[in-house]
Amino acid sequence: MIKKGEFKLFLPYKTPLINGHDMAGTVVKVGSGVKNFKVGDEVYSRVADYRIGTFAEYIAVNETDLALKPKNLSMEEAASIPLVGLTVWQAIVEMANIKKGQKVFIQAGSGGVGTFAIQFAKHLGAFVATTTSEKNIALVKSLGADVIIDYKTEDFETKLKNYDLVLHSNRDPKILEKSLRILKPGGQLISLVGPPTPEFAAEIGLPWYLKLLIKLISSKARKQAKKQNVAFKFLFMRAEGNQLGEITKLIEAGIIKPVIDKVFPFEQTNEAMAYVETGRSKGKVVIKIK
C-alpha cells in the first residue's frame, strides 16, 4: 500500500525510496547514547515511519524501536513478526482491550495479520471467528479459530452476530457494511485499511485541511457505525520496542508461532513483492539478505 501511495495523505514519502518495515538482524554499531543494546545483539524491529528501508543489508534504527530477537526463532521467523505483531497488539490490547469470553471476528485469518491475531486473541481467552478459503481451513483451525467461514461460498453476516470486535482488513465497502452489522451495540470495528478517521488525523497532528479531507472520506463509514450504535476506528500501527519485547515473551513461551509462506533471496525482492500482492500468501513472506 505504501508502494502504491495509498497512505500518502499522512505519509508523504518522497520517491525513490527503499521500502520495507520489518527486519531482524545483528547489531554492528551503536550510537554513543545507546543504553539497551550492544554490538553482536540479535534484534528485530518494525522500524519507525520515515525510517523505513529494511530491504537492504544495513539500516540505522532508533533503539526505542528495537527489541531482542526471540531466542527460539530463526532470523527469517523473527523478521516475519514485528509489523503484524504490533498491529495486533495495538488493536486488541490498546484499542479494544479484549477480555476473556468476548467474541472477535478476524478477517483473512490465513494472512500475515490474521495468523498472528487468531493465536493472540485465543491466548486472551476470546472466542474467534475468521474467514479464509477452503484450502486454508486446516491452518486457521490449527491456530485456534472457533468458527471458520469459507469466504468464497459462505456469507459471514448470516453466521455471525453480537460480536465485540471486528479486526477489519478488507477494502470492499460492502464487507465493511456487513462487518458493522455483526457487532453488538457498543462493539467496535478496528480497520487496518481505512478510511482513516478524524481521531487518527488529530492524533498524528495533521494540518486542518487534511483533517477536513479525512473527515469527509470517512463520513460514510462513521455514519454507518453510528446507525448500528457501534464504533468505527482506524489503526495505523506505530513502531514500539517495548511492546515488541512483550511479544518476544509470548513467542519464547510458545504461545505465538510465526507462520511463513515463502522465503525469497534478496535478489528476488521484486518477485517477493509481486507474490504478496497476489493476496494468496499464507502468513508472511520473507526476504533473506544472507
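Sequence positions in the sequence shown follow this note's numbering and run 580 to 869.
C-beta atoms are modelled at their ideal positions from N, C-alpha and C, and glycine is treated no differently.
As the structure is a computational prediction, the values presented were derived from the model and not from experiment.
CA-CA distance, residue i and residue j?
| i | j | result |
| --- | --- | --- |
| A700 | V640 | 30 Å |
| L739 | Q686 | 12 Å |
| A627 | T643 | 10 Å |
| S624 | K799 | 35 Å |
| L590 | Q803 | 27 Å |
| G773 | T605 | 35 Å |
| I769 | K582 | 23 Å |
| G688 | T666 | 14 Å |
| A818 | I597 | 18 Å |
| L729 | F684 | Note on identity: in this sequence residue 729 is Asp, with Leu being the wrong assignment. When rounded, the distance between both Cα atoms is 14 Å. |
| A705 | V726 | 12 Å |
| K679 | L703 | 6 Å |
| G632 | E846 | 15 Å |
| L652 | I638 | 21 Å |
Count the other CB atoms, across all protein chains shown, that sit within 10 Å of the CB of residue i; report buried if there are 16 or more and exposed otherwise.
| i | result |
| --- | --- |
| A853 | exposed |
| M580 | exposed |
| G858 | exposed |
| S875 | Here the chain comprises residues numbered 580 to 869, so residue 875 is not present and cannot be evaluated. |
| Y742 | buried |
| L791 | exposed |
| L795 | exposed |
| A603 | buried |
| W787 | exposed |
| N715 | buried |
As a quick exercise: from the options, pick the residue whose alpha carbon is nearest that of residue i.
| i | options | result |
| --- | --- | --- |
| V745 | D734, L759, E736 | L759 |
| V695 | N598, G604, G680, L718 | According to the sequence as given, residue 695 is Phe; it is not Val. Ranking the options by Cα distance to F695, first place goes to L718. |
| T848 | N615, K757, I868, L791 | I868 |
| K861 | Q681, L647, A675, S712 | S712 |
| E733 | D751, L722, T709 | T709 |
| F815 | E782, K650, V609, K841 | E782 |
| T776 | I638, L789, G765, P764 | L789 |
| L662 | A646, R750, A810, G765 | A646 |
| V609 | P786, D601, A603, V618 | V618 |
| A810 | L829, Q767, L823 | Q767 |
| D840 | A603, A851, E831 | A851 |
| Y592 | R630, E621, N615 | R630 |
| K805 | P764, P786, G824, Q822 | P764 |
| G820 | V607, A724, I660 | I660 |
| P752 | R801, I671, V672, E621 | R801 |
Using 8 Å as the threshold, is the C-beta distance between residue i and residue j below it?
| i | j | result |
| --- | --- | --- |
| V842 | E636 | no |
| V864 | A658 | no |
| K757 | F735 | yes |
| F634 | G599 | yes |
| S748 | V692 | yes |
| E831 | K587 | no |
| Q698 | I835 | yes |
| K812 | M674 | yes |
Do residue i and the ligand NAP come close, with the Cβ less than 7 Å from some heavy atom?
| i | result |
| --- | --- |
| Y742 | Ligands in the displayed structure: none, and consequently the ligand NAP is not present. |
* Asked: Which ranges would you report for the alpha helix (DSSP H) in the stretch 709-761 if only whole runs of at least 4 residues count?
  -> Inside the stretch 709-761, DSSP marks whole alpha helix (DSSP H) runs of 4 or more residues at positions 716-722, 735-738, 752-760, from first to last along the chain.
**Prompt:** In the stretch 784-848, which residue ranges form an unbroken beta strand (DSSP E) of at least 3 residues, counting only runs that do not cross its ends?
**Reply:** Qualifying beta strand (DSSP E) stretches, in chain order: 810-813, 839-844.
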